[in-house]
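*Asks:*
Number of protein chains: 2
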Amino acid sequence: MSRNDLASSACAVARSIEKVGDTWSLMLMREFFLGTRRFEALHRNTRISPHVLSGRLKAMCAEGIIEKRQYSEHPPRDEYLLTEKGRDLWPVVMALMTWGEKWLDGPEAVALRHKACLQEMRPTLVCPECGEPVTARDVAAHVTEEFAGERCTGSDKG
Amino acid sequence: MSRNDLASSACAVARSIEKVGDTWSLMLMREFFLGTRRFEALHRNTRISPHVLSGRLKAMCAEGIIEKRQYSEHPPRDEYLLTEKGRDLWPVVMALMTWGEKWLDGPEAVALRHKACLQEMRPTLVCPECGEPVTARDVAAHVTEEFAGERCTGSDKG
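Right, dumping it as structure tokens:
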């Protein structure tokens, strides 16, 4: 399977990975959520090479994850803003942060405050039906027929 | 910045991206959470080439995300199981799924049932302090001094 094949998968995880599941797209998402908007600052804060950065920004604009806005006419200068589609990637970045803080040693890099209750916190996953926290062990996954048809798992232990 | 530099970042997001923020590691995590354990099945269900798959499994074992267990002595055969560290990546896969289901057209591929309350659901993010759902707009992020030192954002709009 090439990366491109993931785009047509029945699986939403695979389709998302094709769009944003690479090192530099994820690093750019982190940066956008920290409020960075301009090419030079994106470059400095991620150290992505200008050539790669330019390509990623173009692809993310085409995908509707960010949008380009001119902030200066003379000289012409653009900045990049998250769209609603892009902002909805926040849980991906939160999940990577939570995992890294737990399992990969390092300082606290970012404090998060919930604007409504003013508490510092890390968001957590819950079941929206009962409100209880959920982890991988708490949830049973069942592959639908449509997705099963794409998979070829034999009779061994999957 | 090369991918390797991310490992020493003050930012937990960057450190996590260095470990699992690539297409095939993320695809393998999806597969592990669907219960797939064996090389042949991992290969079939992700179409990752055997060479790349072998390298990723070795790296994920070295990182403590999965562990290898022999399930047959004659012939010798191994399977790969998520560790606690690996299971803690579940929110990353959930976040990718939720985003893909909302923004990238496709069928429902996987049904999730919360074992405790028996409801089908998609986990959602809440503030653990007040219990309210949170999105990017609800949370203010503040970069700590340690992380600010690694960044070079000037006086422009980040």
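Listed in order, the protein sequences are those of chains C and B.
Letter by letter, the first sequence follows residues 3 to 160 of my numbering.
Letter by letter, the second sequence follows residues 3 to 160 of my numbering.
Where a beta carbon is used, it is the ideal one built from N, C-alpha and C, also for glycine.
According to DSSP, which residues form a beta bridge with residue 71 of chain B?
*Replies:* Note: residue 71 of chain B sits in a beta bridge opposite B/81.
*Asks:* Taking residue 129 of chain C and residue 123 of chain B to be in contact with their CB atoms under 8 Å, please state how far apart those CB atoms are, rounded to whole angstroms.
*Replies:* Residue 129 of chain C to residue 123 of chain B, Cβ: 5 Å. Contact.
*Asks:* Across which residues does DSSP place residue 145 of chain B in a beta bridge pair?
*Replies:* BP columns for residue 145 of chain B point to C/112.
*Asks:* Out of C/52, C/50, C/151, C/113, which has the shortest C-alpha to C-alpha gap to residue 110 of chain B?
*Replies:* Answer by Cα proximity: C/151.
*Asks:* Using beta carbons (cut-off 8 Å, strictly below), is residue 64 of chain B in contact with chain C?
*Replies:* Not one chain C Cβ lies under 8 Å of residue 64 of chain B.
*Asks:* How would you label residue 54 of chain B, buried or exposed, when you count the other beta carbons within 10 angstroms and need 16 or more for buried?
*Replies:* The residue in question, residue 54 of chain B, is exposed, as its Cβ has fewer than 16 Cβ neighbours within 10 Å.
*Asks:* Rounded to whole angstroms, what is the Cα-Cα separation between residue 98 of chain B and residue 43 of chain B?
*Replies:* Taking the straight line joining both Cα atoms gives about 22 Å.
*Asks:* Indicate whether residue 26 of chain B and residue 49 of chain B have their beta-carbon atoms separated by less than 8 Å.
*Replies:* Going by C-beta atoms, residue 26 of chain B is not nearer than 8 Å to residue 49 of chain B.
*Asks:* Check the C-beta distance from residue 74 of chain B over to residue 101 of chain C and give it rounded, since I have them as a contact under 8 Å.
*Replies:* That pair is no contact at about 32 Å.
*Asks:* Along the region 47 to 62 of chain C, what residues have a CB closer than 8 Å to any CB found in chain B?
*Replies:* From the region 47 to 62 of chain C, only 47, 48, 49, 50 have a Cβ closer than 8 Å to chain B.
*Asks:* Going by DSSP in three states, residue 54 of chain C sits in which element: helix, strand or coil?
*Replies:* Three-state result, residue 54 of chain C: helix.
*Asks:* With a cut-off of 8 Å, does the C-beta of residue 78 of chain C fall near any C-beta of chain B?
*Replies:* Residue 78 of chain C does not count as touching chain B.
*Asks:* Output yes if chain C places a C-beta closer than 8 Å to the C-beta of residue 68 of chain B; else output no.
*Replies:* So no, residue 68 of chain B is outside the interface.
*Asks:* Answer yes or no: do residue 145 of chain C and residue 36 of chain B have a C-beta to C-beta separation smaller than 8 Å?
*Replies:* Yes, they are a contact pair.
*Asks:* So with CB distances below 8 Å, who are the chain B contacts of residue 72 of chain C?
*Replies:* Going along chain B, no residue has its Cβ under 8 Å from residue 72 of chain C, so there is no contact; the nearest lies around 13 Å.
*Asks:* Which residues, in chain order, does the region 103 to 118 of chain B contribute to contact with chain C at a C-beta distance below 7 Å?
*Replies:* So the close ones are 103, 104, 105, 106, 108, 109, 110, 111, 112, 113, 114, 115, 116, 117, 118.
*Asks:* Which two residues bound the contiguous alpha helix (DSSP H) that contains residue 127 of chain B?
*Replies:* Unbroken run through residue 127 of chain B is the beta strand (DSSP E), 126 to 128; no alpha helix (DSSP H).
*Asks:* I'd like the span of the alpha helix (DSSP H) that includes residue 32 of chain B, first residue to last.
*Replies:* Residue 32 of chain B -> alpha helix (DSSP H) spans 25 to 35.
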